[in-house]
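Trainee: Numbering-wise (this note's numbering), the sequence shown opens with residue 1 and increments by one.
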Amino acid sequence: MIVPLLHQWTKANALFKPPVINQCRTIELKLTKLWHKAVETSLGKGNLARKNEFLHTLDTLFDILTCKCSIQLCSESNCSHSGKRENNSHIVCGCPHEKKIPVLELEFIKAQRTKAEGQGSMQMGSIDYSETKKQIANAKKREQIREREQKKKMKSEEAIQREEELCQDLGDCSFHSRKVPPINVNATKLSELVDLSLEVLEPPLTTSLTSQELRNLKETPMQVPK
1 MIVPLLHQWT KANALFKPPV INQCRTIELK LTKLWHKAVE TSLGKGNLAR
51 KNEFLHTLDT LFDILTCKCS IQLCSESNCS HSGKRENNSH IVCGCPHEKK
101 IPVLELEFIK AQRTKAEGQG SMQMGSIDYS ETKKQIANAK KREQIREREQ
151 KKKMKSEEAI QREEELCQDL GDCSFHSRKV PPINVNATKL SELVDLSLEV
201 LEPPLTTSLT SQELRNLKET PMQVPK
């Protein structure tokens with residue numbers, strides 16, 4: 001019972017699929033509830049008001065759209081675009097993008113939700129092949145972008161994991177500020193070259209000296225401890 005219903009919606013617009021419309025389980029529950037009301041009405045249960053309310057429900061759209069936001073026609077809001085564009089309706093919708101009603105279908109949904117009796121001003125027609133082809137292409141493009149982003153994220157996570165594994169193999173990989181001792185260019189003894197009281201962990205860097213200072217150190221005789 002649910003398959004023909006979904007086919008009818010998808011035929012009207014390729015974007016009419018979850019999460020734009022309800023999930024199958026939700027639709028099944030709605031159909032079951034409607035069926036129980038039909039049985040009760042046929043058995044004469046309930047008052048006349050409830051019967052009339054149910055009969056009115058049968059003539060309105062079996063709404064399986066996730067978005068229930070109010071739709072307003074351009075003609076109702078005195079919009080300057082009224083009659084000048086393909087879509088003559090507006091909607092103030094706070095739903096997530098993936099649950100929004102396709103813009104091209106707003107006028108149709110408005111007509112179906114508000115019709116009083118008989119057929120609405122608009123009906124589900126045959127497939128618009130050009131529009132459907134465009135929608136399928138856009139959906140495919142969005143899926144490709146999503147897959148690329150997913151692969152990029154996975155590569156980033158794999159790189160982080162490899163780095164963490166390398167750190168575990170090498171031990172502590174945390175960065176330390178380097179404590180490089182200054183070289184005493186005026187030293188006359190080897191023991192005076194570096195101040196060992198600084199508790200430094202790094203060896204002195206000769207690159208911190210100028211060329212002249214290096215020549216002076218080379219030419220200055222030093223006393224070697226006995």
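Where a beta carbon is used, it is the ideal one built from N, C-alpha and C, also for glycine. These figures come from a predicted structure and were not determined experimentally.
Quick one: Cα of Glu107 to Cα of Ile2, how far?
Mentor: Rounded to the nearest angstrom, the two C-alpha atoms are 25 Å apart.
Trainee: Distance check for Glu163 and His150, CA to CA, integer angstroms please.
Mentor: Checking the sequence shown, residue 150 turns out to be Gln, not His. Answer to the nearest angstrom: the Cα atoms are 20 Å apart.
Trainee: Using the C-alpha atoms, what's the distance from Met154 back to Ala246?
Mentor: Beyond the ends of the chain as shown, which are 1 and 226, falls residue 246; an answer cannot be given.
Trainee: Starting from the Cα of Leu65, find the closest Cα among Arg113, Lys134 and Asp195 and give me that residue.
Mentor: Of Arg113, Lys134 and Asp195, the residue nearest in Cα terms is Arg113.
Trainee: Please work out which residues of its chain come closer than 8 Å, Cβ to Cβ, to Val20, disregarding the five sequence neighbours upstream and downstream, and give them in chain order.
Mentor: Here the set comprises Leu65, Thr66, Cys67, Glu98, Lys99, Lys100, Ile101 and Pro102.
Trainee: Judging by CA-CA distance, which residue of Glu76, Asn186 and Leu34 is the nearest neighbour of Asp59?
Mentor: Of Glu76, Asn186 and Leu34, the residue nearest in Cα terms is Leu34.
Trainee: Using only CA atoms, which one of Lys110, Val194 and Pro96 lies nearest to Ser75?
Mentor: Residue Lys110 is the option with its Cα nearest to Ser75.
Trainee: Please report how far the alpha carbon of Lys134 lies from the alpha carbon of Lys140, in whole angstroms.
Mentor: Each residue's Cα considered, the two are about 10 Å apart.
Trainee: Let me confirm a value: Lys181 is counted as buried when at least 16 other C-beta atoms fall within 10 Å, else exposed. Which label applies?
Mentor: Per the sequence presented here, residue 181 reads as Pro, with Lys not at that position. It is buried - the Cβ of Pro181 has at least 16 other Cβ atoms within 10 Å.
Trainee: Exposed or buried, Ile71, counting other C-beta atoms within 10 Å across all chains shown (16 or more means buried)?
Mentor: Buried, by the Cβ-count rule.
Trainee: Following the continuous alpha helix (DSSP H) through Leu227, name the residue where it begins and the one where it ends.
Mentor: Here the chain comprises residues numbered 1 to 226, so residue 227 is not present and cannot be evaluated.
Trainee: Going by C-alpha to C-alpha distance, which of Ile91, Lys218 and Asn22 sits closest to Thr188?
Mentor: Looking at the Cα atoms, Lys218 is the closest of the given residues.
Trainee: For my contact list, Leu104 and Asn88 are in at a C-beta cut-off of 8 Å; report their separation, rounded to the angstrom.
Mentor: The pair is not a contact, with the Cβ atoms about 11 Å apart (cut-off 8 Å).
Trainee: Check the DSSP bridge columns for Ile21 and list the partner residues they point to.
Mentor: BP columns for Ile21 point to Leu65.
Trainee: To the nearest angstrom, how far is the alpha carbon of Ile183 from that of Thr210?
Mentor: Computed Cα separation, rounded: 11 Å.
Trainee: Which word fits Asn13, buried or exposed, when buried means at least 16 other C-beta atoms lie within 10 angstroms of its C-beta?
Mentor: Buried is the call here.
Trainee: Taking the alpha helix (DSSP H) that His56 falls in, what are its first and last residues?
Mentor: Residues Leu48 to Leu58.
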